[in-house]
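Start counting at 1 in the sequence shown, then tack on 772, and there's your number in the working numbering. A virtual CB, placed ideally from N, CA and C, is assigned to each residue, including glycine. No experiment lies behind these values; they were computed from the predicted model shown. Presented below is the structure to which this report refers.
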Amino acid sequence: MKIQFLGTAAFEGIPAMFCHCELCAKAKLNRGKDIRTRTSVMIDTDLKVDFPPDTYMHMLREQLDLDKLHNIIFTHSHSDHLYAEDLLTRVPGYSKYYDHRIALFGNDKVLSILNKYLSTVEQDSFTLTKFLPFETYQVGEARVTPLLATHDPQEDCFILYIEKSNKVLLYGHDSGDFPDATWEWLQGKGFDIVILECTMGYDSYRKTHMNIIAVKETKQRMEFEGMLQPDCHVIVTHFSHNGRALHSDLEREFAEDHIIVAYDGMVIEV
């Protein structure tokens, strides 16, 4: 399983467009790993998690062949994870010579937004499948179980338990501390890769997003519950400028915990 981190920022990106805070100013000067676009990952070449407004930039920067994409999973409906307008560029008149439909997966609110833009074209270009929590779905070559997150009470936001190529990925965001029902479902499971979020960085807030302390405590609980395979990679992503942490700050904070800090373009293979 190959996981490519296309973007690693929260809603605003880093630096944020209209911000002059100290973190954004330093990111503009430092560039490199301190420049972060909105979050998404590609799993191998056929499965994408979330479709942010920076997808076009990701395609150019990483030289992605999006024609190989067969499945997109949406964790929730927020616009940094779902930018439906760009999906229209795949329909006849905007795109040519594709030979398969892309399968789209998400909750009720996600499907409502997708239908708003794609209802007249989806039969030719897309299929839509509603995700229900704790049900397992065949998504191409992967088996995916959406689990409840603690994020937006107006919809079922999901973290994802993904089984592919005899490996298990827990895609754990957007979410604050996982709800009890999710921890209960995860009992007895083992992960080869865990991806958590650290939106809030040094900030104390951790209700609907995680901060540095919450990430460390989540990893510690997984270790205590025996959920991490011996060679498991634990990775953090989805950073906000409100967390006040540069890439080097995050690496220093997580070094003793053996947690990898993701950056745009990073690739992990297991």
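Top-ranked residue by Cα proximity to residue i, from the options
i       : options                             : result
Pro1002 : Ser1020, Val1033, Tyr974 and Gly962 : Gly962
Tyr933  : Ala797, Cys793 and Val821           : Val821
Glu997  : Leu841, Asp1029 and Gln959          : Gln959
Ala953  : Pro918, Asp924, Asp1029 and Met982  : Pro918
Tyr909  : Ala875, Pro787, Ile1007 and Asp839  : Ala875
Glu857  : Phe823, Arg833, Asp1021 and His830  : Phe823
Thr847  : Ser812, Ala797, Gly779 and His1013  : Ser812
Tyr855  : Phe783, Gln835 and Gly944           : Phe783
Residue environment, residue i, which counts as buried when at least 16 other CB atoms sit within 10 Å
i       : result
His872  : exposed
His1045 : Summary: the structure shown does not reach residue 1045, with the chain confined to residues 773 through 1042, and so no result is reported for it.
Asn938  : exposed
Glu907  : exposed
Asp880  : exposed
Leu801  : exposed
Glu794  : exposed
Asp896  : exposed
Pro925  : exposed
Arg803  : exposed
His1030 : exposed
Met994  : buried
Tyr1035 : buried
Residue i in three-state terms, based on DSSP
i       : result
Leu1018 : coil
His830  : helix
Gly987  : Here residue 987 turns out to be Val, not Gly, going by the sequence shown. Three-state DSSP puts Val987 in a helix.
Arg915  : strand
Cys1004 : strand
Ser947  : coil
Phe996  : helix
Lys820  : strand
Tyr855  : coil
Ser891  : coil
Within 8 angstroms, strictly: CB atoms of residue i and residue j
i       : j       : result
Phe898  : Leu890  : yes
Val916  : Leu942  : no
Gly777  : Thr1009 : The question names Gly, but residue 777 is Phe in the sequence shown. It is a contact, given that the beta carbons lie within the stated cut-off.
Ile1040 : Ile775  : yes
Met773  : Asp816  : yes
Phe950  : Thr922  : yes
His853  : Gly912  : no
Thr892  : Phe877  : no
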